[in-house]
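In our numbering, the protein residues as written are 8 to 119.
Here's the structure we're looking at; comments come further down.
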């Protein structure tokens, strides 16, 4: 599988987000854009990148648990594939988790 450079796929509109988020100067980020503006895609790429860089566990919460698999979970799986790093991740459906194999840190999904 071919690895992708983020600089090749990040849209110009979201370059300020990437610069700000990589600077560690800000704790929170607000992404603006309409439907289909790729906000979710950029957040998913950032989350996968950070999970691979830092030894952290991530919790994804959605109001209704039954919609997690077809929304957030699917978006993150797609980000893993788009970045070409599938061989480093284990996808579990029950319980719903994404595990970064080299370090063992996880993305877990829960409903509120």
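Glycine included, each C-beta is placed from N, C-alpha and C at the ideal position.
Query, Result
"Within the continuous beta strand (DSSP E) that includes residue 116, where are the two ends?", "113-118"
"Per DSSP, what are the beta-bridge partners of residue 104 in this structure?", "99 and 115"
"Runs of 4 residues minimum, wholly inside the region 54-89: which ones carry the alpha helix (DSSP H) assignment?", "81-89"
"Taking the alpha-carbon of residue 113 as reference, which of 26, 23 and 57 has the nearest alpha-carbon?", "57"
"Return yes when the Cβ of residue 70 is within less than 8 Å of the Cβ of residue 119, no when it is not.", "yes"
"Let me know if residue 16 comes out buried or exposed under the rule of 16 or more other beta-carbons within 10 Å of its beta-carbon.", "exposed"
"What is the DSSP secondary structure of residue 50, counted as helix, strand or coil?", "helix"
"Leaving out the 5 sequence neighbours to the left and right, which residues in its chain are closer than 7 Å to residue 76 when beta-carbon positions are compared?", "103"
"Taking only the alpha-carbon atoms, compute the straight-line gap between residue 36 and residue 72 and give it to the nearest angstrom.", "25 Å"
"Going by DSSP in three states, residue 32 sits in which element: helix, strand or coil?", "coil"
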